[in-house]
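Shown next, in structure tokens, is the structure this report addresses.
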Amino acid sequence: MQNTPRGDCRVHTASNPARLAGSAEGNQTLVTVRIGFAGAGGVAVTHLVNLLRLQDAEVVAIHDVDADRIAGCVRRVNAQQDLGARSGDETRRLRPKAYTDYRAMIAEAGLNALYICTPPSVRGAIEMAAIEEDVALCVEKPIALRLDRAREIATAIRERNLVSSVCYQVRYSEAVTDAHKALGTRSVAMGLGFMLGGVPSVPWWRVHSQSGGQIVEQATHAVDLMRAFMGEVVRVYGAGALRVHGEMPGFDIHDTAASVLHFANGAVGSLVNTSVLGGGSAAGFPTGLHLFAADYRIEVWGGTLKVVSPDKTDETRYNASPMLALDTDFVDAVKRRDPARVRTSYGDALRTLAVTLALDESARSGKVTEVPRV
Ligand SMILES: NC(=O)c1ccc[n+]([C@@H]2O[C@H](COP(=O)([O-])OP(=O)(O)OC[C@H]3O[C@@H](n4cnc5c(N)ncnc54)[C@H](O)[C@@H]3O)[C@@H](O)[C@H]2O)c1
Numbered sequence: 104m105q106n107t108p109r110g111d112c113r114v115h116t117a118s119n120p121a122r123l124a125g126s127a128e129g130n131q132t133l134v135t136v137r138i139g140f141a142g143a144g145g146v147a148v149t150h151l152v153n154l155l156r157l158q159d160a161e162v163v164a165i166h167d168v169d170a171d172r173i174a175g176c177v178r179r180v181n182a183q184q185d186l187g188a189r190s191g192d193e194t195r196r197l198r199p200k201a202y203t204d205y206r207a208m209i210a211e212a213g214l215n216a217l218y219i220c221t222p223p224s225v226r227g228a229i230e231m232a233a234i235e236e237d238v239a240l241c242v243e244k245p246i247a248l249r250l251d252r253a254r255e256i257a258t259a260i261r262e263r264n265l266v267s268s269v270c271y272q273v274r275y276s277e278a279v280t281d282a283h284k285a286l287g288t289r290s291v292a293m294g295l296g297f298m299l300g301g302v303p304s305v306p307w308w309r310v311h312s313q314s315g316g317q318i319v320e321q322a323t324h325a326v327d328l329m330r331a332f333m334g335e336v337v338r339v340y341g342a343g344a345l346r347v348h349g350e351m352p353g354f355d356i357h358d359t360a361a362s363v364l365h366f367a368n369g370a371v372g373s374l375v376n377t378s379v380l381g382g383g384s385a386a387g388f389p390t391g392l393h394l395f396a397a398d399y400r401i402e403v404w405g406g407t408l409k410v411v412s413p414d415k416t417d418e419t420r421y422n423a424s425p426m427l428a429l430d431t432d433f434v435d436a437v438k439r440r441d442p443a444r445v446r447t448s449y450g451d452a453l454r455t456l457a458v459t460l461a462l463d464e465s466a467r468s469g470k471v472t473e474v475p476r477v
């Protein structure tokens, strides 16, 4: 690979059907998982740094509509690797082929797996093209902004028995694993979900047609975790408002919402979300998910767990990166061609999407909204 002025990558746009084998002949387990990326923005950098730590993963190609974004992403990742090398860690460098045409990438790069890190409004065509070539998918949340398109993709993944993972990384945290153990067979009466913060810097986030709004785009993590502990949601109602960011250019989503969720097992939940707390003013407020059972209470999120029972309160902090655990499990699932080795498949995430779309619809219409069965 030659270096270009833009970084460690060259841009390829021509189609060349040279699908390379990433597998040991006649062996069910892949030796090296050849990985491509679609979307070279902020979250891609996080996954790429993780994947460079996994010896059985090789990122061979990155697609973005903007070639400069690919070069910038590769530079950022390799700069982090250089920092690690200076402090004595063994590090690998990222040297992918760069593609502005995803069809060329899928045709040429011999991928076993593809990370989808594009904004949610442009999802669909790339996933379908990859599925047709039996490429496993790791998809950033939210999987889509429309249920019908996501349903088609979920069906295609199921029909081909492909590995799929959706980046609800909190499910991979040690805090969540220990919360499940602590809860045991107790029945949850009520769950409270919190997503309180500021406006992310990406310009598409504040535009409803591009992000779906904060519930669909961000509070989806809290809704997904509620489902993991409390089961399926059947009906929701909510209220949303634009109270602070009305003057921000392009901002057409609610900056504040409060919702109620009815679960199939009779439990109830509540979700509050806001983006008015930029600059650290969310500090000290509740985060994540709070679960209430008979004389028992759990507060859980990525790095923290608090369990309150009548005679004691246990608080634990965890350092392991949930996203690294998610990336590790995905690569392992692809290597073993085993869709069951991930914690949130595309089909599972489809149900979270159905709930968040219903919550957004209810907050906008003010009406009780049934969650469609998917
Ligand atoms: N799991 C998490 O905690 C987490 C954290 C951050 C972001 N995300 C998710 O990751 C996704 C991307 O977020 P981000 O912050 O990286 O956004 P970003 O804007 O930084 O990056 C998106 C990239 O996609 C590219 N792109 C846009 N349209 C494209 C198209 N049609 N084809 C190919 N590339 C295209 C853009 O040029 C950009 O480089 C979103 O769905 C977001 O919700 C998840």
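In terms of this note's numbering, the sequence shown opens at residue 104 and continues consecutively.
Positions of the beta carbon are idealized from the N, C-alpha and C atoms, including for glycine.
Query raised in the report: Going straight from the alpha carbon of Y205 to that of Y275, what length do you get?
Result: 30 Å
Report task. Jot down the residue ranges of each uninterrupted beta strand (DSSP E) in the region 281–323, minimum 3 residues, whole runs only, in chain order. Result -> 293–299
Query - Residue of T455, T447, Q131, E473 minimising C-alpha distance to Q272 - result: T447
Query raised in the report: Under a CB-based cut-off of 8 Å, is I256 close to chain B?
Result: The structure shown contains no chain B, having only a single protein chain.
Query raised in the report: Expressed to the nearest angstrom, what Euclidean distance is found between the alpha-carbon atoms of V471 and A282?
Result: 31 Å
Query - Three-state secondary structure (DSSP) of F388 - result: coil
Query raised in the report: Can you pull the DSSP bridge partners for A361?
Result: A342, V375
Query raised in the report: Exposed or buried, what is P199 when buried is set at 16 or more other beta-carbons lying within 10 Å of its beta-carbon?
Result: buried
**Report entry** C241, DSSP secondary structure in three states
**Finding:** strand
**Report entry** Where T416 falls: helix, strand or coil (DSSP)
**Finding:** strand
Requested in this report: Would you tell me roughly how many angstroms separate the C-alpha atoms of N422 and V371, rounded to the nearest one?
Outcome: 31 Å
**Report entry** Neighbourhood of A285 by C-beta distance below 7 Å, restricted to the same chain and skipping five residues each side
**Finding:** I401, V410
Query raised in the report: Under the criterion of a Cβ to heavy atom distance below 7 Å, does A147 qualify as lining ligand 1?
Result: yes
**Report entry** Proximity below 8 Å, CB of C241 to CB of A212
**Finding:** no
Query - Segments assigned alpha helix (DSSP H), at least 4 residues, entirely inside the region 214–272 - result: 228–235, 250–262
Requested in this report: Report all residues from its chain with a CB closer than 6 Å to the CB of M298; omit the five preceding and five following residues, and keep chain order.
Outcome: Q321, A322, A325, N376
**Report entry** Nearest-angstrom Cα separation, counted from A436 out to I173
**Finding:** 27 Å
Query - T221 and G139 closer than 8 Å at C-beta - result: no
Query raised in the report: V458 and V445: beta carbons closer than 8 Å?
Result: no
Requested in this report: Return the CA-CA distance between R309 and D414, expressed in angstroms with no decimal places.
Outcome: 45 Å
Requested in this report: List the endpoints of the continuous alpha helix (DSSP H) containing I209.
Outcome: 205–211
Query - Alpha carbon of E464 to alpha carbon of M208, nearest angstrom - result: 37 Å
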